[in-house]
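Numbering (my numbering), first residue to last: 1 to 740. Just so you know, even glycine gets a beta-carbon here, dropped at the ideal spot from N, CA and C. Note that the structure is a prediction, hence the values are computed from the model and not measured.
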Amino acid sequence: MEVFLFRSSSSSHSLNKLGNSSTPTDSKIYWDKPWQSEGDFDNEYLYRSRIRRNSIHRSGSSVRRPLSFSSISTFDVDNGEGGGERGGGGEPSSVAVEFRKPKKKFISVGRRSKILAGDYDSDATTTNDGSYVDASELYKDESSDGGEEIYSSNYSGFSDVYPNKEEREDDEELRLKLKEAEQRLNLISEFDVVESDKTSATLLQLIKDINEDRMKMALEALNQVKDRISERSCAREVLKKVKLDFAARLKSQVDERNRLESSLNHQIDLRSNEQSSKLVKLEAEELRLRERVRKFAEHNVCLQKEVSSITGREEETHMRITNLGVHLNGLTAHLEEMKAENQNLQKTLSEVKKRSDSVEMDRDRMARMCRENDKEKKELQETLVKFQVICGDHEKTIAGLRQACRDADVSNRDDLLGRLRVEHIRLSGVEQTLRKEVESYRHRAKILGQENISLVHRLQETGGGSGRSWFNLEQELRSQMELLQSKGLEIMVANNNVCVELLDIVKARQESNGIDMEFDGFYVIEYIAKCQSLKRGIEKFRTSLQTLSTVLNEKSNIEDEGKKGSRSNTHYNHSTQINIELELKAESLVTKILREKLCSKELELEQLQEDFASSITGHEKIKVEIKHLQNQLRNLQHRCNDMEVQISRKDTDLNETKGELEERRRELTLNRDSLVKISKDRDLLWEESNKLKETNMVLSCEINSLKKKIESLEEDVLTKDGQISILRDSVISKFKQHRI
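This is how it looks when you write it as structure tokens:
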């Protein structure tokens with residue numbers, strides 16, 4: 001839409017050409033007052049020929065908003081006094097065209113909207129505020145006699161939407177403008193362009209065109225003013241009818257709205273109270289049922305735990321019983337083995353006792369022989385000591401006599417005689433002792449002679465005519481001795497090596513396992529002692545063999561010497577004496593051999609004593625172990641008895657727990673049945689609560705729909721109020737114009 005404002009400084013106005021020499025039909029031309037200044041142009045109001053309204057749809061209702069203009073265009077117009085050739089230097093007037101876009105602010109009231117006044121501007125845009133404002137605060141009560149709340153019909157906002165002269169003009173001004181337009185038309189029609197010689201043809205043609213355009217514009221302005229007057233008259237009549245209709249509809253709508261609000265509020269309160277009470281009851285019932293379900297679940301869990309613990313205890317008791325049975329079988333087998341081993345040890349002990357008795361008899365015999373030899377040795381030593389003492393005494397007497405003979409004087413002869421007498425007495429005593437000893441020696445010599453005679457007879461019996469056989473026998477003995485020596489040494493060395501290796505292996509295993517191992521009732525230490533004793537026996541065997549070899553060598557040497565002596569001494573009479581000496585040497589060799597045998601027997605006896613002591617210690621150890629095993633067996637028997645008692649107790653406890661378990665299972669079945677019933681009741685209550693929630697949702701939807709309807713009705717009321725206020729303002733402005 002276009003609005004044109006024509007300015008002029010005098011009462012007579014002249015028009016210039018506007019646009020393309022044609023005024024649009026959808027435009028309105030307003031003539032400015034001559035008394036207004038340039039500074040009052042912003043506050044100047046404009047007459048608009050047509051008002052377009054755009055509808056704003058909000059929830060099924062429409063709110064119409066007026067359009068203003070967004071710009072002002074000004075055109076210069078020559079006035080009648082000085083414009084053109086005939087005006088004579090007049091001040092040109094201006095034409096202003098304004099296109100203003102309104103700026104609106106809406107306050108969102110639920111589903112309602114209100115247009116704020118005084119916010120229309122050329123560059124502003126429409127904004128929406130989301131804050132809630134009560135609708136009752138936006139309006140004022142017009143009367144309080146009927147007790148009704150009525151919306152104010154006098155909207156100051158809609159009166160301020162158009163801050164120009166249109167709201168203060170009336171029909172009188174239109175009539176005056178109509179008269180002025182007729183006068184201008186008459187003036188324009190009377191205006192004629194006079195051709196002169198001073199103007200050119202083109203200028204004349206231009207002036208003609210301008211006059212034609214002015215005529216057209218004036219005619220159009222005249223037609224528009226007439227149309228506006230007719231529209232104003234029609235609008236008054238329509239306004240009266242609409243006002244009456246709107247007042248009636250407004251009262252009915254207000255009454256209906258109040259009635260609906262009161263009834264809806266009452267129903268909403270009742271239903272909300274009922275639903276809230278039902279919801280509280282349902283929630284309490286649901287909480288109670290949930291608590292019962294939780295208790296039943298906890299009780300069920302406790303029962304399951306008890307059942308699992310009882311089953312675990314049963315399994316543990318069965319496992320213990322089986323383990324104890326296996327352990328008891330092992331102990332019985334071990335006891336039988338120990339009994340058999342004890343019997344074997346008793347047999348070996350009896351054998352060892354027999355051997356020890358025989359060894360003791362041999363030892364006693366050898367001891368007697370040793371004692372006899374010791375006695376002979378002591379006697380010989382005593383005789384030697386006596387001979388040494390006697391020799392010493394004789395030497396002393398001889399030395400004393402010699403000294404006395406050298407130092408003797410004649411005066412001392414009496415003393416010497418006394419001394420000689422004393423010495424004679426002493427020597428007589430010594431002589432008697434010597435005679436006794438000689439007699440004893442003679443007796444012994446006789447005995448030795450007899451022994452020598454017996455030995456000679458033996459030698460004669462053995463050696464007479466058997467030299468070749470004796471030599472062969474000696475050679476066989478030597479070969480057999482060498483063979484036995486080599487074989488015995490090899491066997492002993494091999495046995496020693498095997499024992500050492502066995503002991504090394506056993507020691508390594510013992511060190512690796514860290515346990516004192518035992519074999520056949522003897523520990524490793526005993527085996528080590530046996531090995532050492534074997535080593536000593538081997539050494540003694542070696543020494544004995546060496547002695548035998550030396551004896552044989554000496555015997556052979558003696559025989560060789562005897563043969564040589566017999567050959568060399570065939571011409572002498574001392575052959576018997578040489579033979580006796582040889583026999584004595586042979587007897588000495590025999591005594592050597594016998595002594596060696598005696599030493600070997602003593603060593604064997606010591607070995608047997610050691611073995612006997614070790615066997616005794618082993619037997620004692622075995623007795624201790626047997627006692628220990630008997631104690632363990634008794635403890636195991638006591639434990640078995642205790643386990644039997646415990647098993648009987650466990651059986652009783654198990655029976656009791658089984659009874660309790662059956663009772664718990666019965667209770668569990670009852671609880672499950674009650675739980676099923678409770679779950680069914682809960683499901684029913686849940687369905688009822690869902691139904692109530694659905695009904696509540698339906699009611700809330702109905703309430704929202706009713707609220708939307710109320711809001712749409714309120715918006716319709718607002719639009720109608722706005723229309724009524726606009727019409728009222730226009731009517732009031734017209735009345736004011738008529739009065740003026």
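For LYS621, the nearest candidate out of MET338, ASN655, ASN671 and ASP673 (CA to CA): What you label residue 621 is simply residue 621 of the sequence shown in a count that begins at 1. For the residues MET338, ASN655, ASN671 and ASP673, the minimum Cα distance to LYS621 belongs to MET338.
Whether LEU289 touches ILE678 by CB criterion (7 Å): In the sequence shown, residue 289 corresponds to position 289, counting from 1. In the sequence shown, residue 678 corresponds to position 678, counting from 1. With contacts defined as CB atoms closer than 7 Å, LEU289 and ILE678 qualify as a contacting pair.
SER733 - DSSP class collapsed to helix/strand/coil: The residue you call residue 733 lines up with position 733 of the sequence shown. Looking at SER733 - three-state DSSP - the assignment turns out to be helix.
Cutoff 8 Å; reference ASN300; Cβ partners in own chain excluding five residues on either side: As a working note, residue 300 is residue 300 in the sequence shown. Excluding the 5 residues flanking it on each side, ASN300 has same chain C-beta neighbours closer than 8 Å at LEU668 and ASN671, in chain order.
Spatially closest choice to GLN632 from VAL280, LEU239 and LEU335, by CA coordinates: Numbered from 1 along the sequence shown, position 632 holds the residue referred to as residue 632. Taking each of VAL280, LEU239 and LEU335 in turn and checking the Cα distance to GLN632, the smallest one comes out for LEU335.
Segment contact, 8 Å Cβ cut-off, at least three pairs: the stretch 304 to 323 with the stretch 647 to 665: Taking 8 Å as the limit for Cβ pairs, the verdict is that the stretch 647 to 665 does touch the stretch 304 to 323.
Contact set for ILE310: own chain, Cβ-Cβ below 7 Å, skip 5 residues either direction: Along the sequence shown, one-based indexing puts residue 310 at 310. Counting only Cβ-Cβ distances below 7 Å, and skipping sequence neighbours, we find THR657 and LEU661.
Selected residue, minimal CA-CA separation from LYS281, among THR322, LEU692 and GLY722: Here residue 281 refers to the residue found at position 281 when the sequence shown is read from its first residue. The residue with the shortest Cα to Cα distance from LYS281 is LEU692.
Contact the stretch 235 to 248 vs the stretch 711 to 731: 3+ CB pairs below 8 Å: At 8 Å Cβ cutoff, the stretches touch.
Buried versus exposed, by CB contacts within 10 Å (16 or more), VAL624: Residue numbering aside, residue 624 sits at position 624 when the sequence shown is read from its first letter. That one is exposed.
Buried or exposed by the 16-neighbour rule on C-beta atoms within 10 Å, applied to ASP729: Taking the first residue of the sequence shown as position 1, residue 729 is located at position 729. Classification of ASP729: buried, given that the 10 Å Cβ count is 16 or more.
Distance between GLU539 and LYS627 (C-alpha atoms, nearest Å): Indexing the sequence shown from 1 puts residue 627 at position 627. Indexing the sequence shown from 1 puts residue 539 at position 539. Whole-angstrom Cα-Cα distance: 40 Å.
Beta-carbon contacts of GLU261 that lie in its chain and below 8 Å, excluding the five residues immediately before and after: Counted from its first residue, the sequence shown places residue 261 at position 261. So the list reads ILE710, once near-sequence residues are dropped.
Beta-carbon spacing of MET643, LEU324 below 7 Å: Residue 643 sits at position 643 when you count from the first residue of the sequence shown. Residue 324 sits at position 324 when you count from the first residue of the sequence shown. Closer than 7 Å, so yes.
Best match in ARG739, PHE735, SER733 and VAL717 for proximity to VAL254 [C-alpha to C-alpha]: For this step, residue 254 is matched to residue 254 along the sequence shown. Here the closest residue by C-alpha is VAL717.
With 16 other Cβ atoms within 10 Å as the buried cut-off, status of PHE217: As a position in the sequence shown, residue 217 is number 217, starting the count at 1. Phe is not the amino acid found at residue 217; the sequence shown has Met there. In summary, MET217 is buried, with 16 or more beta-carbon neighbours lying within 10 Å of its beta-carbon over all protein chains present.
Inter-residue Cα distance where the pair is GLU314 and SER648: Within the sequence shown, numbered from 1, the residue matching residue 314 stands at position 314. Within the sequence shown, numbered from 1, the residue matching residue 648 stands at position 648. When rounded, the distance between both Cα atoms is 13 Å.
Buried/exposed call for PHE735, threshold 16 Cβ in 10 Å: The residue labelled residue 735 in the question sits at position 735 within the sequence shown. The residue in question, PHE735, is exposed, as its Cβ has fewer than 16 Cβ neighbours within 10 Å.
Local conformation of SER276 per DSSP, three classes: Stepping through the sequence shown from its first residue, residue 276 is reached at position 276. Here DSSP, grouped into helix, strand and coil, assigns SER276 to helix.
Rounded separation between GLN205 and LEU219 - CA only: On the sequence shown, residue 205 is found 205 positions in, with the first residue counted as 1. On the sequence shown, residue 219 is found 219 positions in, with the first residue counted as 1. About 21 Å.
Contact under 7 Å by Cβ, VAL238 with LYS177: If you number the sequence shown from 1, residue 238 lands on position 238. If you number the sequence shown from 1, residue 177 lands on position 177. Contact flag unset, no.
Through-space distance from SER233 to THR202, alpha-carbon basis: Along the sequence shown, one-based indexing puts residue 202 at 202. Along the sequence shown, one-based indexing puts residue 233 at 233. If you draw a straight line from the Cα of THR202 to the Cα of SER233, it is about 47 Å long.
Beta-carbon proximity of GLU172 to GLN737, cut-off 7 Å: Numbered from 1 along the sequence shown, position 172 holds the residue referred to as residue 172. Numbered from 1 along the sequence shown, position 737 holds the residue referred to as residue 737. Cβ atoms of GLU172 and GLN737: closer than 7 Å.
LEU328 versus ASN344: straight-line alpha-carbon distance, rounded: Taking the sequence shown and counting its residues from 1, the one referred to as residue 328 is at position 328. Taking the sequence shown and counting its residues from 1, the one referred to as residue 344 is at position 344. For LEU328 and ASN344, the distance between alpha carbons rounds to 24 Å.
Reduced DSSP category for SER700 - H, G, I as helix; E, B as strand; rest coil: Here residue 700 refers to the residue found at position 700 of the sequence shown. Helix, per DSSP.
Of the residues LEU699, GLU180 and ASP651, the one placed nearest HIS318, counting alpha carbons only: Residue 318 sits at position 318 when you count from the first residue of the sequence shown. Comparing Cα positions, the closest option is ASP651.
Same chain, Cβ closer than 8 Å to CYS640, five either side skipped, listed in chain order: As a position in the sequence shown, residue 640 is number 640, starting the count at 1. Hits under 8 Å: LEU324 and LEU328.
Nearest-angstrom beta carbon gap, VAL731 and ARG175 [assumed within contact, 8 Å]: Within the sequence shown, the letter at position 175 stands for residue 175. Within the sequence shown, the letter at position 731 stands for residue 731. Contact doesn't hold; Cβ gap of about 17 Å is too wide.
C-beta atoms of ARG271 and LEU699 nearer than 7 Å: Within the sequence shown, numbered from 1, the residue matching residue 271 stands at position 271. Within the sequence shown, numbered from 1, the residue matching residue 699 stands at position 699. In this structure, LEU699 lies closer than 7 Å to ARG271 by Cβ.
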